[in-house]
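Peer 1: Let me begin by handing over the structure; questions about it come next.
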Amino acid sequence: MVSLAHEKILENWVKKYTGDLFTWAFHKTSNRQTAEDLVQETFLVAAEKIEHFRNESQPKTWLFGILKNKIADHYKTAVKNFSLNPETEDFTNSFFEGDGHWKKDFMPHEWNSDEEKLFDNNEFVVVFHMCMKKLPPQWFACMTMKYLEEKEPKYVCQELGFSPTNYWQIIHRAKLQLRHCLELHWFYE
Amino acid sequence: MIKTLILSCKKATELVEKRSIVSLSFKETVLLHVHTAICDACATYQKQSVVIDDMLKQSLHHDRLYNYPQQNDHLNLLIDTIIEKIKK
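Going down the list, the protein sequences come from chains A and B.
Numbering of the first sequence is given in the numbering used here, commencing with residue 18 and proceeding in unit increments.
Numbering of the second sequence is given in the numbering used here, commencing with residue 1412 and proceeding in unit increments.
Shown next as structure tokens:
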């Protein structure tokens, strides 16, 4: 139960810092709904812990600390769910023969298109987004993590508490699926 | 002897992605090099893998440009929701 005085302080913080917290969360997750949820959770944690808040620290710094933990947890959960999923090995194997060579239908060929200009084409952007959305959410999280973090991928792995081996295997699987989807709906259409 | 020098395509493409996260060992670097020299499909995969990386970066950038909620209404709604939850 939050005391009335604390409630007032919290309300003030919500008004003052929600915008900045949301911008940061959005930058880190690239997903509006996720970012909103994370900011909400941040304030709920703040409400629980406000008695321990020391006035000598900045509220903004304190709140960002909570949010950063929330974001890390969000990705940890995504990755954990991923490694528990046995379907992924089968998935990778569906691209290769038993001896590890490409299956005929999945063998990469030249795309014969000016790849640098693809993103100027709105139709392509739509296809690309559709293919991204088809990735299982955990894979999507890993891919997003890899490309949004300015840090070295090695540190991303460390922060998430899993080995680089798992990480690049996830990227490998996600990329196989993504490229297949693009070929199906764009390059070889 | 020859067998130890030859990677499967599955392994080779895994190494392509591994290299973007951690540096490969000397042996892995050589094996990947030998493989892509003789396997067109994996050489193409390697090239296109870089292209997909660029696309992903661009796509995330796009997302931010187009989905970024500039509207104050939206932010105010979020603020109200949070305040309501805290009071519960």
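Every residue gets a Cβ at the ideal spot worked out from N, C-alpha and C, and that includes glycine.
1. Ends of the alpha helix (DSSP H) at R190(A)?
2. Tell me the DSSP secondary structure of F113(A) in three-state form.
3. Three-state secondary structure (DSSP) at W203(A)?
4. Can you confirm whether the region 54 to 64 of chain A touches the region 1487 to 1494 of chain B when touching is taken to mean that 3 or more C-beta pairs between the two stretches lie within less than 8 Å?
5. Using a cut-off of 8 Å between C-beta atoms, extract the partners of I1538(B) located in chain A.
6. At which residues does the alpha helix (DSSP H) containing H118(A) begin and terminate?
7. Cα-Cα, which of H202(A), M147(A), E127(A), D107(A) is closest to R190(A)?
8. Using a Cβ cut-off of 8 Å (strictly closer), state whether P56(A) contacts chain B.
9. Please list, in chain order, the chain B residues whose beta carbon lies closer than 8 Å to that of F113(A).
10. Give me the residue from V19(A), L80(A), E200(A) with the minimum Cα distance to A42(A).
11. Check each residue of the region 69 to 89 of chain A: if its Cβ is closer than 8 Å to any Cβ of chain B, include it; give the result in chain order.
12. Look at the alpha carbon of T182(A) and the alpha carbon of K1429(B), and state the distance between them as a whole number of angstroms.
13. For a cutoff of 8 Å on Cβ pairs, would you count L1486(B) as touching chain A?
14. Identify which residue in L199(A), L193(A), N86(A), L38(A) has its Cα closest to the Cα of W128(A).
15. What's the call for F113(A), buried or exposed, on a 16-neighbour Cβ count within 10 Å?
16. Whole angstroms are fine: how far does the CA of A95(A) sit from the CA of Q75(A)?
17. Only counting the same chain, and skipping five residues up and downstream in sequence, which positions put a Cβ closer than 6 Å to that of V144(A)?
18. Can you tell me whether V1461(B) is buried or exposed? The criterion is at least 16 other CB atoms within 10 Å of its CB, across all chains shown.
19. For K121(A) and I1463(B), what's the separation of their Cα atoms in angstroms?
20. Let me know the alpha helix (DSSP H) ranges lying completely inside the region 21 to 84 of chain A, each 4 residues or longer, listed in chain order.
21. Within the 8 Å Cβ cut-off, does Y184(A) reach chain B?
22. Mind checking whether L193(A) and T78(A) have CB atoms under 8 Å apart?
Peer 2: Inspection of the coordinates gives the following:
1. 181 to 199
2. strand
3. helix
4. yes
5. What the structure shows of chain B is the stretch from 1412 to 1499, and residue 1538(B) is not part of that stretch, so it cannot be assessed.
6. Counting along the chain, H118(A) falls outside any alpha helix (DSSP H), and DSSP gives it neither H nor E.
7. D107(A)
8. Going by the sequence as given, residue 56(A) is Val instead of Pro. Yes, V56(A) lies at the interface with chain B (some Cβ there is under 8 Å from its Cβ).
9. S1419, C1420, K1421
10. L80(A)
11. none
12. 8 Å
13. yes
14. L199(A)
15. buried
16. 31 Å
17. H202, W203
18. exposed
19. 21 Å
20. 21 to 46, 49 to 66
21. yes
22. no
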